[in-house]
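If you read the first sequence in numbering that gives the first Met the number 0, its first letter stands for residue 0, the second for the next number, and so on.
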Amino acid sequence: MTVVTRFAPSPTGFLHIGGARTALFNWLYARHHGGEFTLRIEDTDLKRSTDEAIAAIFHGLEWLGLDWDREPVFQSRNADRHRAVAEQLLAEGKAYRCYCAPEELAEMRENARTSGGSTRIYDGRWRDRDPADAPAGIDPAIRIKMPLTGDTTIADMVQGEVTRTNDTLDDFIILRSDGTPTYMLAVVVDDHDMGVTHTIRGDDHLNNAFRQHHLFAACSWETPKFAHIPLIHGADGTKLSKRHGALGVEAYAEMGILPAAMRNYLLRLGWSHGDDEIIATEQAIEWFDLDSVGRSPARFDMDRLLNLNAHYLKNGDPAALTADVMARAGGATGKSLSPDAEARLVAGVPGLAQRANTLVELSEISSLYLYDAPLEMNEKAQAALADPEARARLSALADALENLKLWDEAELDRLVREFAETHDLKLGQVAQPLRAALTGSNVSPGIFEVMAVLGQVETLARLAHATA
RNA sequence: GUCCCCAUCGUCUAGAGGCCUAGGACACCACCCUUUCAAGGUGGCGACACGGGUUCGAAUCCCGUUGGGGACGCCA
Numbered sequence: 000m001t002v003v004t005r006f007a008p009s010p011t012g013f014l015h016i017g018g019a020r021t022a023l024f025n026w027l028y029a030r031h032h033g034g035e036f037t038l039r040i041e042d043t044d045l046k047r048s049t050d051e052a053i054a055a056i057f058h059g060l061e062w063l064g065l066d067w068d069r070e071p072v073f074q075s076r077n078a079d080r081h082r083a084v085a086e087q088l089l090a091e092g093k094a095y096r097c098y099c100a101p102e103e104l105a106e107m108r109e110n111a112r113t114s115g116g117s118t119r120i121y122d123g124r125w126r127d128r129d130p131a132d133a134p135a136g137i138d139p140a141i142r143i144k145m146p147l148t149g150d151t152t153i154a155d156m157v158q159g160e161v162t163r164t165n166d167t168l169d170d171f172i173i174l175r176s177d178g179t180p181t182y183m184l185a186v187v188v189d190d191h192d193m194g195v196t197h198t199i200r201g202d203d204h205l206n207n208a209f210r211q212h213h214l215f216a217a218c219s220w221e222t223p224k225f226a227h228i229p230l231i232h233g234a235d236g237t238k239l240s241k242r243h244g245a246l247g248v249e250a251y252a253e254m255g256i257l258p259a260a261m262r263n264y265l266l267r268l269g270w271s272h273g274d275d276e277i278i279a280t281e282q283a284i285e286w287f288d289l290d291s292v293g294r295s296p297a298r299f300d301m302d303r304l305l306n307l308n309a310h311y312l313k314n315g316d317p318a319a320l321t322a323d324v325m326a327r328a329g330g331a332t333g334k335s336l337s338p339d340a341e342a343r344l345v346a347g348v349p350g351l352a353q354r355a356n357t358l359v360e361l362s363e364i365s366s367l368y369l370y371d372a373p374l375e376m377n378e379k380a381q382a383a384l385a386d387p388e389a390r391a392r393l394s395a396l397a398d399a400l401e402n403l404k405l406w407d408e409a410e411l412d413r414l415v416r417e418f419a420e421t422h423d424l425k426l427g428q429v430a431q432p433l434r435a436a437l438t439g440s441n442v443s444p445g446i447f448e449v450m451a452v453l454g455q456v457e458t459l460a461r462l463a464h465a466t467a
């Protein structure tokens, strides 16, 4: 049997971290088994669903690198089918019309809460009542008949066997009085119609699984395998929400998080493979399974994400990183980029990347390669160049540099050290002013590397400006 | 309130009865390396929620307590 998983978000907001992880797990499980990863947009609540949210979900998944195998299903378009199933169940006597008014329901809810707080709200008053009793002028909703006695056990691939006594489950509505299907019905019918074999979702749905299981049974369909993964919590241990600054994945993209880092981070939240921490996606596909998913909720930890991001930045492809920095640099400032900016970045980005945690930081520190002399100097750099003696030294060094034939890092290293030695200076006494002159800052990659990347012409130009 | 789930360093986790004086990673601290900042290296700090069982032996199994979370809509 081919594995078919699904990611089924309701398009009422952006693709948040929790949804992203659910999608990742579904995707990984499908890829691991050579199955299909499908998408279903649960837009049956037309009032809350928006096109922007739908677009945000698609874009978020694309950014994460999670590709889907079929045309996405829009649940709202299947309403006729859902309704037909409800009618069928009604005809078979597995469901019934309920004529309760909203006030009656409210009363029952109040009752249940005050008298013991039972989870079972609806008392089943129309379950066996003669339809002839139906009050005039009330459109009935359709409810499914749930078992009255015994208990139900779900064999969950993550949670294990979970049992609930049936008297805690009431007859829930599958078709509203206005003829629209409820979520519970829509999910079951669509999962069946799409051939979903594994339902991997947040464990806030665990309670729904019991209801859905009986709906599958009523339809004489096989219940898919369930895997309810724990939710992601905020730093305070409660369900991640906007209050925690929970953001959509696009916000992480903007702050310069790499998709590979996000995937790795999300994967390790609740899933593990021994002591392995850095797990490339190909490796994750090979290793991923549901047995190794933990059952306790994990807290979102930005430090960890940043650390992983720094790792992927350090090992990133220079050409790709360069393209990203160029894109972020474009239009950022009024200054025009050096014609050599891109070439310098390709050479300089590896040295820069090990000093950055995000693409934003990377592009900030890239500015030393982006523009030609004269440079903007920060305070520390200005201070380093304030000393006339230091400037005189730089001028002397510039003369030596001008005559250098082979302009590479090793040669520059040799030359500058030699220069320091002849003038009886510590390397730092030469290197720091040099750094200030060449980068406009007191912080940068190794100064010989900077000179090599900049090239002889630009290096001398910057020195000329700094010593003028 | 009722039902369901969970419980190892601050955080993510390893651990499936003896390999555990509990391992790794992030964060933090110190030192080393060093032309700055990082990176890297070395070391340090730091946890089996509690109480009962079961067993020769329990972080691992069972029960209870406590704590946390989730669900209780004609929302999804």
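Virtual Cβ for every residue (Gly too), placed ideally from N, Cα, C.
All values reported here derive from a predicted model rather than from experimental measurement.
Can you pull the DSSP bridge partners for residue i?
i, result
"residue 379", "Partner(s): none; residue 379 has no beta bridge."
"residue 164", "150"
"residue 37", "5"
"residue 96", "141"
"residue 226", "199"
"residue 72", "39"
"residue 174", "141, 180"
"residue 236", "The partner list for residue 236 (beta bridge, DSSP) is empty, contrary to what the question assumes."
"residue 64", "Looking at the DSSP assignment, residue 64 forms no beta bridge with any residue, so it has no partner."
"residue 56", "BP columns for residue 56 are empty, so no partner."
"residue 247", "15"
"residue 231", "297"
"residue 159", "155"
From what residue to what residue does the beta strand (DSSP E) around residue i run?
i, result
"residue 152", "150-155"
"residue 113", "Per DSSP, residue 113 belongs to no beta strand (DSSP E); it is in the alpha helix (DSSP H), 101-113."
"residue 24", "Where residue 24 is concerned, there is no enclosing beta strand (DSSP E), although the alpha helix (DSSP H) it sits in stretches over 16-31."
Determine the closest residue to residue i out of the options, with distance taken between C-alpha atoms.
i, options, result
"residue 190", "55, 7, 404", "7"
"residue 505", "368, 301, 290", "Residue coverage of the chain in this structure runs from 0 to 467, which leaves residue 505 outside it and unanswerable."
"residue 243", "252, 232, 427, 11", "232"
"residue 460", "162, 397, 406, 47", "397"
"residue 34", "0, 14, 20", "0"
"residue 247", "4, 2, 18", "18"
"residue 362", "336, 382, 380", "336"
"residue 475", "373, 268, 168, 276", "Since the first and last residues shown for the chain are 0 and 467, residue 475 lies out of range."
"residue 174", "85, 313, 358, 285", "85"
"residue 400", "450, 220, 223", "450"
"residue 42", "36, 31, 56, 30", "56"
"residue 442", "50, 354, 417, 406", "354"
"residue 280", "46, 65, 383", "65"
"residue 14", "73, 252, 463", "252"
"residue 73", "275, 109, 10", "10"
"residue 438", "380, 237, 104", "380"
"residue 325", "311, 313, 341, 4", "341"
"residue 170", "162, 183, 67", "183"
"residue 289", "50, 199, 370, 349", "199"
"residue 530", "39, 50, 144", "Since the displayed the chain opens at 0 and closes at 467, residue 530 lies outside it and no answer follows."
"residue 81", "276, 135, 215, 207", "215"
"residue 463", "384, 208, 408", "384"
"residue 4", "61, 71, 418", "71"
"residue 292", "390, 25, 457", "25"
How far does the alpha helix (DSSP H) with residue i in it reach, from first residue to last?
i, result
"residue 191", "182-192"
"residue 123", "Where residue 123 is concerned, there is no enclosing alpha helix (DSSP H), given that its DSSP letter is neither H nor E."
"residue 374", "Neither: residue 374 is in no alpha helix (DSSP H) and is coded neither H nor E."
"residue 80", "78-90"
"residue 215", "205-217"
"residue 364", "358-364"
Report yes if the C-beta of residue i is less than 6 Å from at least one heavy atom of the ligand FAD; otherwise report no.
i, result
"residue 395", "Absence of the ligand FAD is noted for the structure shown, with no ligands found whatsoever."
Touch check for the stretch 90-106 and the stretch 127-144: three-plus C-beta pairs under 8 Å? yes
Contiguous alpha helix (DSSP H) assignments of at least 4 residues, all confined to the stretch 261-342: Runs of the alpha helix (DSSP H) inside the stretch 261-342: 280-286, 301-313, 317-328.
Pick out the complete alpha helix (DSSP H) segments inside the stretch 388-460, 4 residues or longer, and give them in chain order. Those alpha helix (DSSP H) runs which fall completely within the stretch 388-460 and span 4+ residues are 408-421, 426-438.
Is the number of C-beta pairs between the stretch 181-200 and the stretch 259-266 that are closer than 8 Å three or more? no
Using 8 Å as the cut-off, can you tell me whether the stretch 287-304 makes contact with the stretch 219-239, which would need three or more C-beta pairs spanning the two stretches below that distance? A contact exists between the stretch 287-304 and the stretch 219-239.
I want to know whether the stretch 425-434 touches the stretch 382-397 - three or more CB-CB distances under 8 Å. yes
Any 3 or more C-beta pairs closer than 8 Å across the stretch 208-227 and the stretch 157-170: yes
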